[in-house]
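Have a look at the structure below before the remarks.
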């Protein structure tokens with residue numbers, strides 16, 4: 287998996303301010319993201335060709351060029367071309383071979399995405415979601431992307447905060463594909479309403495996880511009786527350094543109020559953002575988590591029937 291054939295989320299739009307470059311790691315590549323003098327987001331290789339110093343330690347010049355903080359070499363964000371070297375005489379020109387790799391960058395749905403494949407012209411198709419954005423953030427999780435998605439399918443409460451709500455082990459139905467997304471629905475309830483057992487129809491809430499096409503983004507939703515969506519969190523993920531996954535999340539309330547607002551108020555009192563990634567993961571519990579829905583996702587990810595092919599395989603072995 288490499289950034290040279292994908293669009294990857296690298297930052298929240300709010301993280302990239304004027305004159306302040308930031309360094310990010312994505313799919314094994316080091317990138318510096320900044321805004322030029324027009325406010326356009328730019329992305330360059332985060333390494334000055336002079337002394338290999340990270341360009342993210344520099345600053346944005348009035349011309350919109352990114353200046354290295356070590357010896358002051360300056361680079362055009364659109365092309366990566368070196369535009370100025372402080373110790374050159376006025377009669378000397380910057381050699382045309384001096385420059386860094388320039389990545390394509392776009393702003394979409396509150397995030398900044400970066401791609402390096404010049405042949406992939408289409409920008410990422412991101413679900414905008416419904417309702418106002420009440421919270422957003424970035425969280426780093428010490429799991430690879432595939433392991434993270436598998437853990438979300440098998441034990442979502444280990445990775446996502448669900449303050450005031452308990453998730454059961456009961457799947458409402460087999461995982462299925464809806465509009466290209468792999469959807470899993472799990473029974474849930476308010477702890478004050480019932481004990482942690484019972485039939486599916488007795489549960490008052492539904493936790494829905496949808497892994498979107500491409501296996502890089504997912505939506506986590508809490509659904510009340512009657513189908514009212516109380517809250518939805520959109521997670522956009524990218525592989526960072528050393529086996530870590532970066533999650534950029536946004537929380538939305540589709541409705542005007544009701545139980546969704548009450549739940550949000552409860553989470554705020556507890557100091558937690560609902561359906562946001564946990565800041566601390568219980569890896570001991572994660573190591574003993576049994577494979578459930580993820581078993582079918584990993585083996586039948588592209589199959590319209592997640593269970594049918596597996597049953598045929600099992601019968602053939604008998």
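In the working numbering, the protein residues as written are 287 to 604. Every residue, glycine too, gets a C-beta built ideally from N, C-alpha and C. Predicted, not measured: the structure shown is a model, and the values here were computed from it.
Item, Value
"Less than 8 Å between the beta carbons of residue 475 and residue 494, yes or no?", "no"
"Please list, in chain order, all residues of the same chain as residue 420 whose beta carbon is under 8 Å from its beta carbon, the five residues on each side excluded.", "537, 538, 539, 550"
"So the beta strand (DSSP E) residue 572 belongs to, where does it begin and stop?", "From DSSP, residue 572 is part of no beta strand (DSSP E) but of the alpha helix (DSSP H) over 569-573."
"When the Cα of residue 548 is compared with those of 571, 331, 569, 510, which residue comes out closest?", "510"
"Select from 364, 533, 518 the residue whose C-alpha is nearest the C-alpha of residue 320.", "364"
"Using a 10 Å radius around the Cβ and a threshold of 16 neighbouring Cβ atoms, would you call residue 289 buried or exposed?", "Interpretation of residue 289 is limited by its pLDDT of 42, a score under 50 that renders its predicted location unreliable; no figure is taken from the coordinates."
"Who does residue 397 pair with in a DSSP beta bridge?", "298, 394"
"Which residues does DSSP pair with residue 360 in a beta bridge?", "353, 370"
"With distance defined between alpha-carbon atoms, name the residue in 553, 554, 523, 313 nearest to residue 427.", "523"
"Alpha carbon to alpha carbon, how far is residue 387 from residue 331? Give it in angstroms, no decimals.", "5 Å"
"Starting from the C-beta of residue 422, find all residues in its chain whose C-beta is less than 8 Å away, skip the five residues before and the five after it, and write them out in chain order.", "298, 300, 396, 534, 535, 536, 537"
"Sorted by chain position, which residues of the same chain lie with C-beta nearer than 8 Å to residue 444's C-beta, five sequence neighbours on each side aside?", "437, 564, 567, 568, 571, 572, 575"
"Where does residue 432 sit, in a helix, a strand or coil, going by DSSP?", "helix"
"Would you kindly work out how many angstroms separate the C-alpha atoms of residue 432 and residue 500, rounded to a whole number?", "12 Å"
"Does the Cβ of residue 450 have 16 or more other Cβ atoms within 10 Å, making it buried, or fewer, making it exposed?", "buried"
"Based on Cα-Cα distance, which residue from 561, 557, 532, 424 lies nearest to residue 515?", "561"
"Give me the Cα-Cα distance between residue 491 and residue 317, rounded to the nearest whole angstrom.", "42 Å"
"Could you pull the start and end residues of the beta strand (DSSP E) that residue 472 belongs to?", "467-475"
"Determine the extent of the beta strand (DSSP E) in which residue 425 is found, giving its start and end residues.", "418-427"
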